[in-house]
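Novice: Protein sequences, first through last, are from chains G and D. Straight run, no breaks: the first sequence in this note's numbering ends on number 111. Straight run, no breaks: the second sequence in this note's numbering ends on number 278.
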Amino acid sequence: MPIQYYIFLSLALFCIGIAGVLTRRNAIIIFMSIELMLNAVNLLLVAFSKMHHAVATAIDKGNTVGTDGQIFVFFVMVVAAAEVSVGLAIIVMMYRNAHSVDVNFLNRLKN
Amino acid sequence: MNAIQILFWFLSALALVSALMVLLSKNPVHSVLWLVGVFFAISGHYILLNAQFIAIVNLIVYAGAIMVLFLFVIMLMNLNKDTEPQKHIWMKLAGAISAGCFLMILVSLIKQAPELQAKTAMMKDGDIGLIANLGKALFSTYVVPFEISSILFLSAMVGAAVIGKKD
């Protein structure tokens, strides 16, 4: 498939994630939108890795060009998993203190 | 249209519709289930690109572990009712418009980029996404970041336990 289709798909997913962060007030939905954005970037990284592999294969068969992109996707997933564990702990703490997951409740530092 | 193109368009439509439903559904549990749908569609794209290792890791880590964590948190907070606070309608409109403008700018930018005009992503063949190649790279070139990520996980675990415990 042309690489532009993958770029457009990833951009659409990323912008849906941005719209979610901007329009929702539930902290968990905002967090899920961030996951959506991370996944859009992962898809684009894999597509670009296969694009570079296609270019390199036309010159030389049996190369491993493009491996770095997929390794990078793996590390993005690692960081996302760590981020989710800490972030959900923060949301649970916030719910325990405020009895709400509304992010507009957190617009002040005192009290 | 051959089978790969049909699968590509089907998976893309599935991903976009599910992603929109994540935002539009009022019930947080439904949002989580639609997000699982997005992850399955993206895993299908990875399989289509012959990135098998990433596809399986995506399913196990995202659809399996992270989404279960989200569901557990929603269940613990008893949020599965439609009493979610809503933003003002103008704020929602402003958010949607700014995201749409961002999308429009980037799409017109990508359409004009000369480096991307005739490039294609290799579908269904090319063996860089197989576990043999990725494992070799991960444990030779990238072994130091791999080990550091274990420290990251340890600190995330400690952080989650410290934040989550009752004071």
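For glycine and all other residues, C-beta sits at the position ideal for the given N, C-alpha and C.
Do V149 of chain D and L36 of chain G have their C-beta atoms within less than 9 Å of each other?
Specialist: The residue labelled residue 149 of chain D in the question sits at position 38 within the second sequence. The residue labelled residue 36 of chain G in the question sits at position 36 within the first sequence. Taking 9 Å as the Cβ cut-off, V149 of chain D and L36 of chain G qualify as a contacting pair.
Novice: Below 8 Å on the Cβ atoms is my contact criterion, and I expect F213 of chain D with I18 of chain G to pass it. Report the Cβ-Cβ distance as a whole number of Å.
Specialist: On the second sequence, residue 213 of chain D is found 102 positions in, with the first residue counted as 1. On the first sequence, residue 18 of chain G is found 18 positions in, with the first residue counted as 1. With 8 Å as the limit, F213 of chain D and I18 of chain G qualify as a contact, their Cβ atoms being about 6 Å apart.
Novice: Alpha helix (DSSP H) containing V172 of chain D: first to last residue?
Specialist: As a first step, residue 172 of chain D must be located in the second sequence, where it is residue number 61. First-last for V172 of chain D: undefined, no H or E at that position.
Novice: Would L134 of chain D and M234 of chain D qualify as a contact pair, given that the criterion is a beta-carbon distance under 9 Å?
Specialist: By 1-based counting over the second sequence, the position of residue 134 of chain D is 23. By 1-based counting over the second sequence, the position of residue 234 of chain D is 123. No.
Novice: If you draw a straight line from the C-alpha of Q116 of chain D to the C-alpha of Y6 of chain G, how long is it?
Specialist: Along the second sequence, one-based indexing puts residue 116 of chain D at 5. Along the first sequence, one-based indexing puts residue 6 of chain G at 6. Distance between the alpha carbons of Q116 of chain D and Y6 of chain G: 12 Å.
Novice: Determine the DSSP secondary structure at N26 of chain G, reduced to helix, strand or coil.
Specialist: For the purposes of this step, residue 26 of chain G is taken as the residue at position 26 of the first sequence. Note: N26 of chain G maps to strand in three-state DSSP.
Novice: Quick one, which of G:F14, G:Q4, G:S10 and G:L9 has its alpha-carbon nearest S209 of chain D's?
Specialist: Stepping through the second sequence from its first residue, residue 209 of chain D is reached at position 98. It is G:F14.
Novice: Along chain G, in chain order, which residues have C-beta atoms closer than 9 Å to that of S251 of chain D?
Specialist: For this step, residue 251 of chain D is matched to residue 140 along the second sequence. Within chain G, no residue comes near S251 of chain D; the closest Cβ sits about 11 Å away, beyond 9 Å.
Novice: From the beta carbon of M188 of chain D, is the nearest beta carbon of chain G less than 9 Å away?
Specialist: The residue given as residue 188 of chain D occupies position 77 in the second sequence. Yes - at least one Cβ of chain G is within 9 Å of the one on M188 of chain D.
Novice: In the DSSP assignment, what are the bridge partners of P2 of chain G?
Specialist: Here residue 2 of chain G refers to the residue found at position 2 when the first sequence is read from its first residue. D:T231, per the DSSP bridge assignment.
Novice: Would W145 of chain D and A130 of chain D be called neighbours here (beta carbons separated by less than 9 Å)?
Specialist: Sequence index remark: in the second sequence, residue 145 of chain D carries index 34 (1-based). Sequence index remark: in the second sequence, residue 130 of chain D carries index 19 (1-based). Contact: yes.
Novice: L157 of chain D and V101 of chain G: beta carbons closer than 9 Å?
Specialist: Residue mapping note: residue 157 of chain D aligns to position 46 of the second sequence, counting from 1. Residue mapping note: residue 101 of chain G aligns to position 101 of the first sequence, counting from 1. Correcting the residue identity first, residue 157 of chain D is Tyr in this sequence and not Leu. No. Outside cutoff.
Novice: Please list the residues of the region 52-85 of chain G that have a C-beta atom closer than 8 Å to any C-beta atom in chain D, keeping them in chain order.
Specialist: Of all residues in the region 52-85 of chain G, H53, A54, V55, T57, T64, V65, G66, T67, D68, Q70, I71, V73, F74, F75, M77, V78, V79, A80, A81, A82, E83, V84 and S85 have a Cβ within less than 8 Å of some Cβ in chain D.
Novice: In the DSSP assignment, the alpha helix (DSSP H) including I274 of chain D goes from what residue to what residue?
Specialist: The residue you call residue 274 of chain D lines up with position 163 of the second sequence. Unbroken alpha helix (DSSP H) run through I274 of chain D: V254 to G275.
Novice: Taking the CB atoms as reference points, tell me whether A272 of chain D and A89 of chain G lie closer together than 9 Å.
Specialist: One-based indexing of the second sequence puts residue 272 of chain D at position 161. One-based indexing of the first sequence puts residue 89 of chain G at position 89. Contact flag set, yes.
Novice: Assuming S154 of chain D contacts L170 of chain D under a Cβ cut-off of 8 Å, what Cβ separation, rounded to an integer in Å, is found between them?
Specialist: If you number the second sequence from 1, residue 154 of chain D lands on position 43. If you number the second sequence from 1, residue 170 of chain D lands on position 59. The Cβ separation is near 5 Å, so the contact holds.
Novice: Name the two residues that bound the continuous alpha helix (DSSP H) containing L245 of chain D.
Specialist: Start at 1 with the first residue of the second sequence, and residue 245 of chain D comes out as number 134. Unbroken alpha helix (DSSP H) run through L245 of chain D: I242 to S251.
Novice: Could you spell out the range, first to last residue, of the alpha helix (DSSP H) harbouring P139 of chain D?
Specialist: Within the second sequence, numbered from 1, the residue matching residue 139 of chain D stands at position 28. Its alpha helix (DSSP H) spans residues P139 to L159.
Novice: Is the beta carbon of F186 of chain G sitting closer than 9 Å to the one on V218 of chain D?
Specialist: No answer is possible for residue 186 of chain G: it lies beyond the span of chain G, which begins at 1 and ends at 111.
Novice: Contact defined as beta carbons within less than 8 Å: I believe A152 of chain D pairs with L122 of chain D. What is the distance between those atoms, to the nearest angstrom?
Specialist: Here residue 152 of chain D is taken as the residue at index 41 of the second sequence, counted from 1. Here residue 122 of chain D is taken as the residue at index 11 of the second sequence, counted from 1. About 5 Å separates the two Cβ atoms, so the contact holds.
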